[in-house]
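Heads up, the thing below is written out as structure tokens.
Protein chains: 2
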Amino acid sequence: MKDAARLRKSELCEHLKTSILTLALGPGTDLDEASLSEEFALSRTPLREVFRQLAGEGYVELRENRGARVSGMSYTTLRDFFLAAPMIYGAILQLAAKNATPAQIDQLKQAQEVFKAALRSGSGADRAMANNQFHEVTGEMADNVYLLPSFRRLLIDHARIGMTFYRPQDATMVENLSEASAQHDAIITAIEAGDEAAASQLAIDHWNLSRDQIELFVMPDGLDLPLGSMARKTPA
Amino acid sequence: MKDAARLRKSELCEHLKTSILTLALGPGTDLDEASLSEEFALSRTPLREVFRQLAGEGYVELRENRGARVSGMSYTTLRDFFLAAPMIYGAILQLAAKNATPAQIDQLKQAQEVFKAALRSGSGADRAMANNQFHEVTGEMADNVYLLPSFRRLLIDHARIGMTFYRPQDATMVENLSEASAQHDAIITAIEAGDEAAASQLAIDHWNLSRDQIELFVMPDGLDLPLGSMARKTPA
DNA sequence: AAAATGCAAATTGTGTACAATAAAAAAATA
DNA sequence: TATTTTTTTATTGTACACAATTTGCATTTT
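Note that the protein sequences, when read in sequence, are chains A and B.
Per my numbering: the first sequence = residues 1 to 236.
Per my numbering: the second sequence = residues 1001 to 1236.
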């Protein structure tokens, strides 16, 4: 038995992350140590360490003597999300434009290709994960230890919220998705040019598009939620 | 053997946190599992879980097969800090003013009393910890899961940076400390009144004061660091 | 003497057994 | 029958033993 366990450990970690991001494990789902331990041929000790790590990153919540459960989502967290997201996203993209390395820009372009492919022929989960990966890269570009924790936490719930509308139900959503893709391209251009102002503005635009989609889903019947009061996206 | 281990575990956790915040364990210090295990009469299994948790909160960094070490600090992280702090602090205090409960306001007043006591007769570590506690409470008031991770991460390094100037060396620093205390009082007032705008502005003021102290220490010889370009504090 | 190689000691990661706690079920009481 | 108490079962937490990896040191080699 060499370092097979190490591999299984990181596999488990990735598996849990994608399962949570794609809602295969919904918010509030209890994670069973015994069954996961068996499934991944890993003893409970390293398994529990993975739980602790995921808890630190915000994927799960740990309850004393009552195991791990997938982080919950409520209308309160949605309100918090609408408040924090534009601020953090704006800062991250601005810093990304400032600090991105050529290698990272390549990574970003690659992530965008994957995203486009997922739009053409992927599942909702594929799209959410590809989109998530794109934004993860921008986070690495920004490279600020103090902003990344919140940014990553936002990305988790953005993916989960997104999973509810990444399977387009009508023409509006299809159009929104291709617009999102176009914005990704614009973001790449801005970052490559080191244009901080443009990147920052694109973050707002991108956020507002996402916001519109979320509102569309969350209150299809026109239910009125108190969702803050940001400037809408700039005219094209 | 009942739940004594549970207690030892949280004790260890608190001990490590305060040791790191007060620089008793400096940035980059290696944490030895064996000796800590013996000191706290705790086996390595729960000890390692504590490490993972602290890593999630940003206190330590975990390196594969090479143990835990206290999170490092460099000029780069300091630059990141100057960039992220005003933004996050502003948002947190604004939200605190919006959402604080009476019970939390009591907590905040209590924390401020402890802080004042520490200013009168406490050590540098006492002051840093009391100040940290005060701001922790504001974080709980803000109660936004997406902002708290970054806020808490900032508080860690703010305490550590602060430890270098919480033992006043000259008259300027003594004056700054009493001004910081006065600002805390003003913050309490703004939060109690639910005055978001005032709280937000006080966050900037409080940050700028802290910023001046840090600059004073970091570059006592007038070394020029690229430290961003925020508006200075508002005139009293 | 400097660099490279191999060995020994220390440190970290995992597996498993057992203890403690919480949840569920069964029995007892009103 | 409803409620409380007790017993059973399942799950979580800790301790220790062993495996694997890294590190430091001594030796060899150029």
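For each residue, glycine too, the CB sits at the ideal point set by N, CA and C.
Cβ contact annotation for T1022(B) (same chain, cutoff 7 Å, sequence separation greater than five): A1125, A1128, M1129 and M1163, in chain order.
Annotation: the continuous beta strand (DSSP E) that includes L62(A) extends over V60 to L62. Sixteen is the threshold: since fewer than 16 other Cβ atoms of the shown chains lie within 10 Å of the Cβ of L1007(B), the residue is exposed.
Inter-residue distance for G72(A) and A1171(B) is about 50 Å (C-alpha atoms, whole angstroms). Residue contact check for G1058(B) against chain A: a CB pair falls below 8 Å.
Three or more Cβ pairs drawn from the segment 153-162 of chain A and the segment 129-140 of chain A lie within less than 8 Å of each other, which places the two stretches in contact. DSSP places A96(A) inside the alpha helix (DSSP H), whose first and last residues are Y75 to N99. Between T77(A) and chain B, the shortest Cβ-Cβ separation is below 8 Å. For R1069(B), the three-state secondary structure derived from DSSP is strand. Per DSSP, reduced to three states, the secondary structure at D212(A) is helical. Annotated as distal: G1026(B) and Q53(A), with beta-carbon spacing of 8 Å or more. Distances from the alpha-carbon of A1085(B) to those of A1203(B), Q1213(B), E1011(B) and E1215(B) put A1203(B) closest. Taking C-beta atoms as the reference points, Q104(A) and V137(A) count as a pair closer than 8 Å.
Beta bridge pairing from DSSP links L1108(B) with no other residue. Those residues of the segment 15-46 of chain A placed with their C-beta closer than 9 Å to a C-beta in chain B are T45, ordered along the chain. A Cβ-Cβ separation of about 11 Å leaves S35(A) out of contact with L47(A) under the 8 Å criterion.
For a cut-off of 8 Å, the C-beta gap from L209(A) to A190(A) is around 16 Å, too long to register as a contact. With fewer than 16 other CB atoms across the displayed protein chains lying within 10 angstroms of its CB, D1030(B) is exposed. Under DSSP, L1031(B) shares a beta bridge with A1068(B).
At a beta-carbon threshold of 7 Å, the residues of chain A lying near F1081(B) are Y146, ordered along the chain.
Under the Cβ distance rule, A96(A) does not count among the residues neighbouring chain B, no pair being separated by less than 8 Å.
For the segment 1173-1185 of chain B, the beta-carbon criterion of a distance under 8 Å to any beta-carbon of chain A is satisfied by none of its residues.
The beta carbons of I88(A) and Y59(A) sit no closer together than 8 Å. For E49(A), the neighbours in chain B by C-beta distance under 8 Å run, in chain order, R1048, E1049 and R1052. T1045(B) sits close to T45(A), with the two beta carbons spaced by under 8 Å. Comparing alpha-carbon positions, the option among S178(A), A199(A) and A198(A) lying closest to Q213(A) turns out to be S178(A). In this structure, the alpha-carbon of H1206(B) lies about 14 Å from that of M1173(B).
Identification of chain B residues near A55(A) by a Cβ-Cβ cut-off of 9 Å yields R1052, Q1053 and G1056, ordered along the chain. For T18(A), the uninterrupted alpha helix (DSSP H) run begins and ends at A4 to L21, by DSSP. Between L154(A) and chain B, the shortest Cβ-Cβ separation is below 8 Å. Listed in chain order, the positions of the segment 184-208 of chain A with a beta carbon within less than 9 Å of a beta carbon of chain B would be empty, since no residue qualifies. Within chain B, the residues placing a beta-carbon under 7 Å from that of S150(A) are Y1146, L1147, P1149 and S1150, ordered along the chain. By a beta-carbon distance limit of 8 Å, L1093(B) does not contact V1050(B). Their separation comes to about 31 Å. Of V1114(B), T1018(B), E1113(B) and A1111(B), the smallest CA-CA separation from V1070(B) is found for T1018(B). When C-alpha distances from Q110(A) are compared across G90(A), I188(A), E175(A) and A4(A), the shortest belongs to I188(A).
Sequence-distant partners of A1096(B) (beyond 5 residues in either direction) whose C-beta falls short of 7 Å from its own C-beta, in its chain, are T1138, M1141, A1142, I1191 and A1199.
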